[in-house]
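In full-length UniProt numbering, the protein residues as written are 1 to 276.
Note that CB positions come from ideal geometry on N, CA and C, so glycine has one too.
Keep in mind that this is a model prediction, so the values were computed, not measured.
For reference, the structure discussed in these notes is given below.
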């Protein structure tokens with residue numbers, strides 16, 4: 001997977017600090033749409049839960065509780081990102097399709113999460129749903145670029161919500177974000193050729209890590225809030241305390257679904273062995 005990919009442990013939950021809480025309307029009841037247009041396949045792998053989704057009832061913190069989650073970007077990194085982005089943004093659909101094609105080549109298992117697996121611009125342009133998916137994906141990167149010089153708090157909130165929506169996808173694992181990191185770097189290298197120097201790679205890897213960090217936090221916050229809500233409801237078709245006692249900390253989900261951080265060492269080994 002490359003040096004940009006640090007392996008996450010499947011045994012320990014990542015700690016989360018002070019953050020915004022998630023709004024009640026976060027997840028739809030039966031099908032999850034990501035960022036307003038992402039849609040997953042109904043046969044999404046890894047699902048062990050088939051009941052109705054119940055949205056965690058959580059409050060939104062007062063404005064001003066935002067903590068700057070953006071790691072410090074040097075002036076040089078910002079210059080690199082701002083100067084190379086126009087080339088990428090000149091063809092959002094085409095370059096976005098390349099990112100998805102590369103991601104599916106790196107980890108073919110990802111195709112099971114989407115209703116479309118042929119991400120060719122000539123094909124997608126005629127299908128509104130995958131077209132929105134690709135453009136929404138690229139819009140996340142565009143907003144990350146904008147956040148370098150504008151409203152970081154708004155970007156943080158949006159990425160927290162998007163991460164929470166990803167957590168509701170059956171079979172979702174945090175490791176899958178890394179596939180798209182590698183895919184983005186591969187795609188940008190193909191676009192920039194010799195101009196994609198090591199400094200350029202590091203700057204973009206830094207920005208992608210920033211995005212993934214917030215998405216990850218959103219995933220974990222969603223799981224925490226959902227578990228709190230389910231403890232209060234005590235619905236009979238959820239995992240019981242007796243069942244939870246035999247589960248590792250990273251997999252204790254009262255919804256009956258595995259956690260997004262529930263990859264075992266064996267699963268992690270398999271994941272990296274498949275990734276090309």
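With a Cβ-Cβ cutoff of 9 Å, do residue 191 and residue 102 count as a contact?
-> The sequence position of residue 191 within the chain shown is 191, counting from 1. The sequence position of residue 102 within the chain shown is 102, counting from 1. Not in contact: residue 191 and residue 102 (Cβ atoms no closer than 9 Å).
Return the chain-ordered list of same chain residues with a C-beta closer than 6 Å to the C-beta of residue 99, the five sequence neighbours on each side being excluded.
-> Working through the chain shown from its first residue, we reach residue 99 at position 99. Same-chain partners within the cutoff: 183, 184 and 187.
Please classify residue 282: is it buried, with 16 or more other beta-carbons within 10 angstroms of its beta-carbon, or exposed?
-> Nothing about residue 282 can be read from this structure; the chain reaches only from 1 to 276.
For residue 189, the first and last residue of its enclosing alpha helix (DSSP H) | Here residue 189 refers to the residue found at position 189 of the chain shown. 175 to 192 is the extent of the alpha helix (DSSP H) around residue 189.
Give a yes or no on contact between the region 108 to 119 and the region 70 to 83, applying the rule of three or more CB pairs nearer than 8 Å.
-> These segments do not touch.
Could you check what DSSP says for residue 76 in three-state terms: helix, strand or coil?
-> Position 76 of the chain shown, counting from 1, holds the residue named residue 76. If DSSP states are grouped into helix, strand and coil, residue 76 belongs with the helices.
CB-CB length for residue 137 against residue 144, believed under 8 Å | In the chain shown, the residue the question calls residue 137 occupies position 137. In the chain shown, the residue the question calls residue 144 occupies position 144. With a Cβ gap of about 12 Å, residue 137 and residue 144 do not count as contacting.
Got a sec? Which residues, its chain only, sit under 6 Å from residue 300 by beta carbon, not counting five neighbours each side?
-> Because the chain is modelled from 1 through 276, residue 300 falls outside the range shown and cannot be assessed.
Could you confirm whether any beta carbon from chain D is found closer than 9 Å to the beta carbon of residue 121?
-> The structure shown contains no chain D, having only a single protein chain.
Report back the beta-carbon spacing between residue 164 and residue 222 to the nearest angstrom; my notes put them in contact at under 8 Å.
-> Taking the first residue of the chain shown as position 1, residue 164 is located at position 164. Taking the first residue of the chain shown as position 1, residue 222 is located at position 222. The pair is a contact, with the Cβ atoms about 4 Å apart (cut-off 8 Å).
Residue range of the unbroken alpha helix (DSSP H) whose run includes residue 155 | Here the question's residue 155 lines up with position 155 in the chain shown. In the DSSP annotation of this structure, the continuous segment of the alpha helix (DSSP H) that includes residue 155 starts and ends at 152 to 167.
From the DSSP output, in three-state form, read off residue 171 for me.
-> As a working mapping, residue 171 is identified with position 171 in the chain shown. Here residue 171 sits in coil by DSSP.
Measuring CB to CB, does residue 133 end up less than 9 Å from residue 166?
-> If you number the chain shown from 1, residue 133 lands on position 133. If you number the chain shown from 1, residue 166 lands on position 166. Cβ distance not < 9 Å, so residue 133 and residue 166 don't count as in contact.
From residue 159 to residue 141, what does the alpha carbon distance come to, in whole angstroms?
-> The count along the chain shown starts at 1 and reaches residue 159 at position 159. The count along the chain shown starts at 1 and reaches residue 141 at position 141. Using only the alpha carbons, I get a separation of about 11 Å.
Is residue 82 near residue 150, with beta carbons less than 9 Å apart?
-> For the purposes of this step, residue 82 is taken as residue 82 along the chain shown, with counting starting at 1. For the purposes of this step, residue 150 is taken as residue 150 along the chain shown, with counting starting at 1. No, they are not a contact pair.
N-terminal and C-terminal residue of the alpha helix (DSSP H) that residue 121 is part of | Here residue 121 refers to the residue found at position 121 of the chain shown. Secondary structure note for residue 121: its alpha helix (DSSP H) is the uninterrupted segment 121 to 124.
Taking residue 146 as part of the alpha helix (DSSP H), name the residues at either end of that continuous run.
-> In the chain shown, counting from the first residue as 1, residue 146 sits at position 146. Residue 146: member of the alpha helix (DSSP H) spanning 128 to 147, first to last residue.
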